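Enquirer: A single structure is presented below for examination.
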Amino acid sequence: MSVETYYRDSWAEIDLSRIQHNIYELKQTLPEQTGIYAVVKANAYGHGDIQVAKAAEAAGVKGFAVALLDEAIRLREEGIKAPILVMGWVRPEDAAIAAREKISLTAFQPEWIEEAGQSLSPTCPLSIHMKWDTGMGRIGIRTVKEMDELLTALDTSLYTLDGVFTHFATADEEDATYFHEQQERFDLLLSAFQERWSGDVEIHTGNSATAMRFPETMNHYVRFGIGMYGLYPSPDVKAMDIMPLEPALSLHSKLIHVKQLPKGEAISYGATYVTSDEEWIGTVPLGYADGWKRSLQGTDVLVNGKRCPIVGKVCMDQIMIRLDQQYPIGTHVTFIGRQEEEEITSDEIAAHLDTINYEVTCMISYRVPRVFVQDGKTIGSQNGAR
């Protein structure tokens, strides 16, 4: 893995050893016959798709799941040869590209099957997985009638039906009532499907929460997403203490300017913060264009193992923080991660934003270089300016 040059003092560190640890932890929980597809959509939830995919492959995952055909092709171009499933809708006219690259697509509309088939060839059939909507309300067939229509449209000289799957909407909530309702709907569809289709297909229903909470109900494989990155799908799942996960991402920068201001001086746009006494103010080169939203004004960063609040509005490229004392230029600042006895987690940031930890890692923008660590050593980086 190459170390790319970057020219700024803000970066996200990705510990690939922790990603592999989380995969091993899930493997120990799952039945021996159940494999893992690593979900690396959205640039691996902001962690770096290619590097994470290669680390996950080394840890023994069976394949990969993404949301977009573009993401799947990028994996192929970077040498990933394992099975890849695109879980989202792909334009039917692009089906032949997926077939050529041996990428599986998701199907749930008979008209899509017919239109996509116009560009396919029996010499290069397309692998598809049928999506069943058992209660997520997003995409997928909902009835046996819809299943019959799709199977009727399926020309087996142009397609191979390799999988069926669903997605649980509330598996990360303590109350499992709706989860069990969805499971019952899936079982009814599966019974009807098995009466109509004699070929072997892979069945996968589990996301991180489902796989962690109900491992004994998993089928051929599970789709391991947020848990692979060391983050729990929800506070409810975290409180269950099912398995120890290790967060893989931390976010850092450095002080680039430090000044002492007298009482009554305003900081940043709109003068929303005014010093209440003599205060040491530090400037850090990371802002909302890097994904650190304006609404994070007032939250803390870590300097010298101490919490220091963001004062004034977050700017596009910089923030200001109130320091407890003067620090030299270049002092390490941590936005997510640990310094000494203090830690700021993605969950803490998510709580402030009234969102989920998924969004926190995904919102770290392309401008922030990713630095990859394995067993405590830097092994590569991805320039954030591309």
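So the sequence shown is numbered by the UniProt record's numbering: it starts at 1 and just counts up by one. Note that CB positions come from ideal geometry on N, CA and C, so glycine has one too. For clarity, every value in this text was computed on a predicted model and none was experimentally measured.
In its own chain, which residues sit with a C-beta less than 6 Å from the C-beta of V360, not counting the 5 before and 5 after it?
Expert: The count along the sequence shown starts at 1 and reaches residue 360 at position 360. Counting only Cβ-Cβ distances below 6 Å, and skipping sequence neighbours, we find S346, I349 and A350.
Enquirer: Do the stretch 306–317 and the stretch 272–279 touch if we need at least three Cβ pairs shorter than 8 Å?
Expert: Yes, they touch.
Enquirer: Could I get the ranges of all uninterrupted beta strand (DSSP E) runs contained in the stretch 179–221, with 3 residues as the minimum, in chain order?
Expert: The qualifying runs are 202–204.
Enquirer: Tell me the DSSP secondary structure of H47 in three-state form.
Expert: Numbered from its first residue, the sequence shown carries residue 47 at position 47. H47: coil per DSSP, three-state reduction.
Enquirer: Suppose contacts are defined by Cβ-Cβ distances below 8 Å. Is E25 in contact with H252 by that definition?
Expert: Here residue 25 is taken as the residue at index 25 of the sequence shown, counted from 1. Here residue 252 is taken as the residue at index 252 of the sequence shown, counted from 1. No, the Cβ-Cβ distance between E25 and H252 is not below 8 Å.
Enquirer: For R386, collect the residues of the same chain with a Cβ closer than 6 Å to its Cβ; drop the 5 residues on either side in sequence, then sort them by chain order.
Expert: Walking along the sequence shown from the start, residue 386 turns up at place 386. Model confidence at R386 stands at a pLDDT of 48, short of 50, so the residue's coordinates are unreliable and nothing is read from them.
Enquirer: Which residues mark the beginning and the end of the alpha helix (DSSP H) in which C362 is found?
Expert: Sequence index remark: in the sequence shown, residue 362 carries index 362 (1-based). First-last of the alpha helix (DSSP H) with C362: N357 to C362.
Enquirer: Between which two residues does the alpha helix (DSSP H) containing residue 427 stretch?
Expert: Given a span of 1 to 386 for the chain in the structure shown, any question on residue 427 remains unanswerable.
Enquirer: Among D354, A192 and M136, which residue has its Cα nearest to the Cα of S295?
Expert: Sequence index remark: in the sequence shown, residue 295 carries index 295 (1-based). Measuring from the Cα of S295, the nearest candidate turns out to be D354.
Enquirer: Could you give the residue range of the beta strand (DSSP E) that holds T378?
Expert: Numbered from its first residue, the sequence shown carries residue 378 at position 378. Looking at the DSSP string, the run of the beta strand (DSSP E) that includes T378 is K377 to Q382.
Enquirer: On a CA-only basis, which of I84, A59, A56 and M136 is nearest E71? Give me that one, please.
Expert: The residue labelled residue 71 in the question sits at position 71 within the sequence shown. Out of I84, A59, A56 and M136, I84 has the C-alpha closest to the C-alpha of E71.
Enquirer: Just to confirm before moving on: does the CB-CB distance between D133 and R142 stay below 8 Å?
Expert: Numbered from its first residue, the sequence shown carries residue 133 at position 133. Numbered from its first residue, the sequence shown carries residue 142 at position 142. Cβ distance < 8 Å, so D133 and R142 count as in contact.
Enquirer: Identify every run of the beta strand (DSSP E) within the UniProt domain "Alanine racemase C-terminal" (248–373), keeping only runs that are complete inside it and at least 3 residues long; order them along the chain.
Expert: 249–254, 257–261, 279–284, 300–303, 306–309, 319–323, 332–339 and 342–344, all fully within the UniProt domain "Alanine racemase C-terminal" (248–373).
Enquirer: Let me check understanding here. Comparing Cα to Cα, which of H204, D49 and S17 lies closest to Y366?
Expert: Residue numbering aside, residue 366 sits at position 366 when the sequence shown is read from its first letter. When each option's Cα is compared against that of Y366, the closest is D49.
Enquirer: Check whether the Cβ atoms of I128 and L105 sit closer than 8 Å, and answer yes or no.
Expert: For the purposes of this step, residue 128 is taken as residue 128 along the sequence shown, with counting starting at 1. For the purposes of this step, residue 105 is taken as residue 105 along the sequence shown, with counting starting at 1. Cβ atoms of I128 and L105: closer than 8 Å.
Enquirer: Can you tell me which of the three DSSP states W112 falls into?
Expert: Within the sequence shown, residue 112 is the residue found at index 112, counting from 1. Helix at W112.
Enquirer: T334 and L302 - do their beta-carbons sit closer together than 8 Å?
Expert: In the sequence shown, residue 302 corresponds to position 302, counting from 1. In the sequence shown, residue 334 corresponds to position 334, counting from 1. The answer is yes: Cβ separation under 8 Å.
Enquirer: Out of Y7, F193 and Q20, which one is the CA nearest neighbour of M130?
Expert: If you number the sequence shown from 1, residue 130 lands on position 130. Out of Y7, F193 and Q20, F193 has the C-alpha closest to the C-alpha of M130.
Enquirer: Could you check where the beta strand (DSSP E) with T106 kicks off and where it finishes?
Expert: Here the question's residue 106 lines up with position 106 in the sequence shown. T106 -> beta strand (DSSP E) spans S104 to A107.
Enquirer: Using CA coordinates, which residue listed in Q109, E111, P233 and D200 is at the minimum distance from F168?
Expert: Along the sequence shown, read from residue 1 onward, the residue named residue 168 stands at position 168. For the residues Q109, E111, P233 and D200, the minimum Cα distance to F168 belongs to P233.
Enquirer: For R223, count the other beta carbons within 10 Å of its own beta carbon; 16 or more makes it buried, fewer makes it exposed. Which is it?
Expert: Stepping through the sequence shown from its first residue, residue 223 is reached at position 223. With 16 or more Cβ atoms within 10 Å of its Cβ, R223 is classed as buried.
Enquirer: Pull up the CB-CB distance for E174 and D236, whole angstroms please, since I reckon it's below 8 Å.
Expert: By one-based count along the sequence shown, residue 174 stands at place 174. By one-based count along the sequence shown, residue 236 stands at place 236. With a Cβ gap of about 4 Å, E174 and D236 count as contacting.
Enquirer: Which value, in whole angstroms, describes the spacing of the CA atoms of Q339 and Y178?
Expert: Position 339 of the sequence shown, counted from the start, is the residue given in the question as residue 339. Position 178 of the sequence shown, counted from the start, is the residue given in the question as residue 178. Cα to Cα, the separation comes out at about 41 Å.
Enquirer: Where I201 and E101 are concerned, what is the direct C-alpha to C-alpha distance, given to the nearest angstrom?
Expert: Walking along the sequence shown from the start, residue 201 turns up at place 201. Walking along the sequence shown from the start, residue 101 turns up at place 101. Checking the sequence, you will find Val at residue 201 rather than Ile. V201 and E101: Cα-Cα distance of roughly 20 Å.
Enquirer: Given V3, which residues of its chain have a CB within under 6 Å of its CB, disregarding the five upstream and five downstream residues?
Expert: Residue 3 sits at position 3 when you count from the first residue of the sequence shown. Once the five neighbours on either side are set aside, the close Cβ partners of V3 are G380 and S381.
Enquirer: Judging by CA-CA distance, which residue of I113, A42 and R213 is the nearest neighbour of L158?
Expert: Sequence index remark: in the sequence shown, residue 158 carries index 158 (1-based). It is I113.
Enquirer: Could you check the C-alpha separation between N22 and Y229 for me, to the nearest Å?
Expert: Locating residue 22 in the sequence shown gives position 22, where the first residue counts as 1. Locating residue 229 in the sequence shown gives position 229, where the first residue counts as 1. Their backbone Cα atoms lie some 7 Å apart in a straight line.
Enquirer: Have a look at A209 and V258 and give me their C-alpha separation to the nearest angstrom.
Expert: Taking the first residue of the sequence shown as 1, we reach residue 209 at position 209. Taking the first residue of the sequence shown as 1, we reach residue 258 at position 258. One C-alpha to the other measures close to 44 Å.
Enquirer: As a quick exercise: from G264, S17, A59 and G117, pick the residue whose alpha carbon is nearest that of A248.
Expert: Along the sequence shown, one-based indexing puts residue 248 at 248. When only C-alpha atoms are compared, the closest one is S17.
Enquirer: Contact check, A59 vs I80 under 8 Å by CB: the rounded distance?
Expert: Residue numbering aside, residue 59 sits at position 59 when the sequence shown is read from its first letter. Residue numbering aside, residue 80 sits at position 80 when the sequence shown is read from its first letter. Between I80 and A59 the Cβ distance is about 14 Å, and since that is not below 8 Å, they are no contact.
Enquirer: Thinking just about the alpha-carbon of each residue, which of N383, I203 and T123 is nearest to the one in F372?
Expert: For the purposes of this step, residue 372 is taken as residue 372 along the sequence shown, with counting starting at 1. Comparing Cα-Cα distances from F372 to each of N383, I203 and T123, the minimum goes to N383.
Enquirer: Just mark R91 as buried or exposed, buried being the case when its beta carbon has 16 or more other beta carbons within 10 Å.
Expert: The count along the sequence shown starts at 1 and reaches residue 91 at position 91. The residue in question, R91, is exposed, as its Cβ has fewer than 16 Cβ neighbours within 10 Å.
Enquirer: In the DSSP output, which residue or residues are listed as bridge partners for A12?
Expert: For the purposes of this step, residue 12 is taken as the residue at position 12 of the sequence shown. Paired residues: L251 and R370.
Enquirer: Identify which residue in A211, Q33 and A82 has its Cα closest to the Cα of residue 389.
Expert: Residue 389 is absent from the structure shown; the chain starts at 1 and stops at 386.
Enquirer: Over what stretch of residues does the alpha helix (DSSP H) that includes T166 continue unbroken?
Expert: Locating residue 166 in the sequence shown gives position 166, where the first residue counts as 1. Where T166 is concerned, there is no enclosing alpha helix (DSSP H), given that its DSSP letter is neither H nor E.
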